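Chains as they are written, first to last, in this note's numbering: chain A, 216 to 296; chain B, 151 to 1324. For glycine and all other residues, C-beta sits at the position ideal for the given N, C-alpha and C. From a predicted model like this one, the values you see are computed outputs, not experimental measurements.
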């Protein structure tokens, strides 16, 4: 039961993340990760990072990072055309 | 030590080359399902080759290569770089790298490992990693599957996890080895036991034989002693006989003396007569045989002389004629020779004239030469000395140069020779050295081989003895087998017969209808009181069956009943059913058996029929009724003898009634039969058969086992023997090699000394030559300068022209001289020829004179011979007259001689008689002497024998008859013992020795066995101890960790703490606020938590530098996931943790997280975020 709740939890944050990104992409091509993180705690970072990984996997966005653990650029994926 | 970086190339979803950095803390790897996050953990398993104990998520290794629609680069590679600054890996490098690459090929794939960029094998790499506590059976890398495995596996499998960690397999291996050793020892003991049994039985057998032999020996000794007594008495007897012979000899010798005197007298008389006759005979032969024969011979000689003279005359006359012809021929030759001499004289004269003219010419030349010479000498006077000297100098210069060149050539030759010799010497020395070392090697090897051979032979011999014993045991067992089998066959035959008889009885339906009906009624309990028919109730021996059946006749089917009432009931029954009649024997009314006469003493009587049947005594009356006093006898003859006294029946079944009626003949199978004791007998037989069969099987098994032992021993022995043969061939070869090498050394040493000698000679020669060359050089120099000086001096004189003139004249003179010499030689040759012819003439003249003399002598010889003939004729006439005179004188003398001869023959007879007497007495004496010698010899021999028997010749002999009696008693005793195996005494000792040896061997083997058993016991204890140590340590860890994770109580439980390996391992836990429960009863999340606790316990027991977990938190609820995350965070202070997880509590606890997403072309891409900056 808890596992399912957990999954739902992720899906909910993905949907929210899509809303945020769509708003951003309306006026620009990419967003940086640090812009999206509101709260610089591990929880705050993960809440942003995990949905982004799911969206990248679904080709909704493309994540690029020049240097590992450095800034992550979030561009529109194939799904958005 | 920790993982610094993982580099993936074409590994699974990582289609591009990716480097993932790691730090010595807590890193999570996260991403959506299917993004390839677990492939990072797989790459660690793959690269470090840990996959043999964990299942990687791939069907086969080639699936690990990145590919799209079956197309791919064909190879994959993973490199893990470890930070080794803490030197946990004992290699002096800060970074250690491990790489694994696989390449697919048509036939499969190739896999390569590299340790620090050097190719290596998997086990080599594991060895290195093991030093840093990373091992394939460790719990470094935990997959989701491992967690479920711990939960779902059987208790026993779970216990095996501890086994593996504790390393108990080592003791199992050792135990297995010890067990196989034990098996070998067991087999050896069995073998020795078989041999021991054999030797013991032989010893037992031999003991009896030996005792017998010893007894026999003592009898024999006593007999010898008694025989000695006999010998002693014989000796005494022999001495007595000798005395009497000696006396006889003395007597006969005296008699012989007197006869000899008589012989002498008689011989003298005969001698005298003989002499007289001889003188008379001499006269006769002088007169007659002497003179008469002489005259006759002379006449014959004269006649022969005449014949000889005539021959001489004839011969001489022909010879005279021959000589005269020869004379004529000689005269002719002389004439011819004189002509030749004339001719030669003419030729001589011519030659002399030529010679004279040549001489004149020569003198002329000579005078002109003298003139030239005079001129030269005038000029020459002053140069003379110089020229002579010059020519001398030139000669000696030429000589010196030649000598020098010669020496130089010689020097080269010697140098070359010396070099060659030196090379040869070095070669020879090298060869000697190598030969020596090879000899030493061969010696050592030969010694070793010798020892080996001796050892092998000793072992082969020991085995041979074993084989003998084994074969003895086998033949004994075989004997036993044969015995048992023959017994078995006999029993089987008997069984078959008995069975046939039973069958015959069963098939028999000869009982009357009535009897059958009664028996049926009895069996159905319709009628009471019926015991049965006689045939059923009696048991008989097969031997007497026929006789007894005949004796009983129809009464066999009489029915025995309890009383007359029962009988009458039966009779009514039969009446009712109209089944015919039967005879009933009610026991209460039957007459009892009276005493019967004892006939057992009679010949041929076997006994009363009733006594030969076995039955319950209560039926005795009934049986007496059936058989009465019928007597069973062996044959009809016996029966006839006894007719009238009783009823008789023979074994063949012939019956003789008391009345004398005799029934008999050929009897087919009797109709009525005793059921006899067959059934019981069969049971007995089959029991015996079973016993025998099992006995036989036992023996067969024993034989089989002995055979297999024999086979192995023989194989071993032949193995030893072939080895020994091979070794001795090798040893022979080595000995031959040594001899050859020795010869080589000797040869080379001789060669060296020869070479040294010749080199010394060469050196001496060399020195001499060098000196000679130096000397020659000096000489040449001085001579050359001298010559050139002289040559300068001579240049410009007249001499050469004159000298040429002189030479020309000299040549001319030389030619003339030659011609003079030719002429002279021609003259002398003519003279020589002339002299030869002249000597021929003289020879012929001399020969003519000789022939003349010859003729004259021949003629005188003829005349002489004619005279001689006349003389012979006169002699012949004279001798004829004398011959007649002598003949008349002889007749008287011969008559006188005949008379005397008769007298002599009479005397001779007398002498002969006397001599015969003497011969007789002499021969008697000889015989006596021979007897004496024999007697002496016999006594000597006997005395010797007596000595040999250790008896004193003077010993008193017991009475002879007693001695003889003793001997014959002893002989009988000995005979009773025979045959005696005297060898048994020594054989017993040797077998006894072998028994002792074998017993020792068995004791050794038993000790060995005990040692192995102790060892096994020890291993078992060690195994348990090792296991328990590990178990307790892990269990303590588990209790702590479980408490920490769940606030509850949990522990590991051994199903069988006394013998842990006989039972499994289970986990009992009491999570906080719940009842104590076993693993099986827990919820999924609790199970996961418990399993993780178990894994952490193991890790704490056997720490590793890094850990990789793959989604182990998947089934945990939120609270537990958090607890686990906290624990890992705490643990990561001491070790590196890489955890694949999608759970927020876990990700949050990590220092950083690496995100995996599949963004393009199914290639996993990597991003990462730091969560705690420090």
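Cβ-Cβ separation, residue j to residue i (assumed contact under 8 Å), whole Å
i                       : j                       : result
residue 264 of chain A  : residue 292 of chain A  : That belief does not hold up - the Cβ atoms of residue 264 of chain A and residue 292 of chain A are roughly 16 Å apart, past 8 Å.
residue 1278 of chain B : residue 1289 of chain B : 6 Å
residue 1308 of chain B : residue 184 of chain B  : 7 Å
residue 669 of chain B  : residue 769 of chain B  : In fact, because the Cβ distance is near 16 Å, the residues do not count as touching under 8 Å.
residue 1113 of chain B : residue 369 of chain B  : Going by Cβ atoms, the distance from residue 1113 of chain B to residue 369 of chain B rounds to 15 Å, so no, they are not a contact pair.
residue 585 of chain B  : residue 894 of chain B  : 5 Å
residue 835 of chain B  : residue 644 of chain B  : 6 Å
residue 736 of chain B  : residue 713 of chain B  : 5 Å
residue 194 of chain B  : residue 230 of chain B  : 7 Å
residue 1086 of chain B : residue 430 of chain B  : With 8 Å as the limit, residue 1086 of chain B and residue 430 of chain B do not qualify as a contact, their Cβ atoms being about 55 Å apart.
residue 1234 of chain B : residue 1220 of chain B : Contact flag wrong, Cβ pair sits at about 18 Å.
Per DSSP, the bridge partner or partners of residue i
i                      : result
residue 736 of chain B : B:711
residue 152 of chain B : B:233
residue 758 of chain B : B:781
residue 270 of chain B : B:263
residue 249 of chain B : B:229, B:264
Cβ pair residue i, residue j closer than 8 Å
i                       : j                       : result
residue 777 of chain B  : residue 701 of chain B  : yes
residue 197 of chain B  : residue 228 of chain B  : yes
residue 1263 of chain B : residue 1291 of chain B : yes
residue 1203 of chain B : residue 1247 of chain B : no
residue 153 of chain B  : residue 1286 of chain B : yes
residue 1413 of chain B : residue 628 of chain B  : Residue 1413 of chain B lies beyond the range of chain B shown here (151 to 1324); nothing can be said about it.
residue 1054 of chain B : residue 424 of chain B  : yes
residue 933 of chain B  : residue 546 of chain B  : yes
residue 263 of chain B  : residue 271 of chain B  : yes
residue 1187 of chain B : residue 1251 of chain B : yes
residue 797 of chain B  : residue 813 of chain B  : no
residue 592 of chain B  : residue 315 of chain B  : no
CB contact check: residue i to chain B, cutoff 8 Å
i                      : result
residue 236 of chain A : no
residue 219 of chain A : Low confidence applies here, because residue 219 of chain A scores a pLDDT of 42, under 50, leaving its location unreliable and the question unanswered by this model.
residue 274 of chain A : yes
residue 245 of chain A : no
residue 287 of chain A : yes
residue 233 of chain A : no
residue 258 of chain A : yes
residue 251 of chain A : no
Closer than 8 Å to chain A by CB, residue i
i                       : result
residue 293 of chain B  : no
residue 1302 of chain B : yes
residue 1241 of chain B : no
residue 1221 of chain B : no
residue 1296 of chain B : no
residue 1178 of chain B : no
residue 203 of chain B  : Caution applies to residue 203 of chain B, whose pLDDT of 46 falls short of 50 and renders its modelled position unreliable; the value that the coordinates give is listed next. It does not: the Cβ of residue 203 of chain B has no partner Cβ on chain A nearer than 8 Å.
residue 167 of chain B  : no
residue 1238 of chain B : no
residue 1322 of chain B : yes
residue 194 of chain B  : no
Extent of the continuous alpha helix (DSSP H) run through residue i
i                       : result
residue 219 of chain B  : Premise fails: residue 219 of chain B is in no alpha helix (DSSP H) and is neither H nor E.
residue 1024 of chain B : 949 to 1098
residue 1138 of chain B : 1133 to 1196
Segment limits, beta strand (DSSP E) that includes residue i
i                       : result
residue 1260 of chain B : 1256 to 1260
residue 1318 of chain B : 1313 to 1320
residue 798 of chain B  : 798 to 800
residue 169 of chain B  : 168 to 171
residue 1308 of chain B : 1302 to 1310
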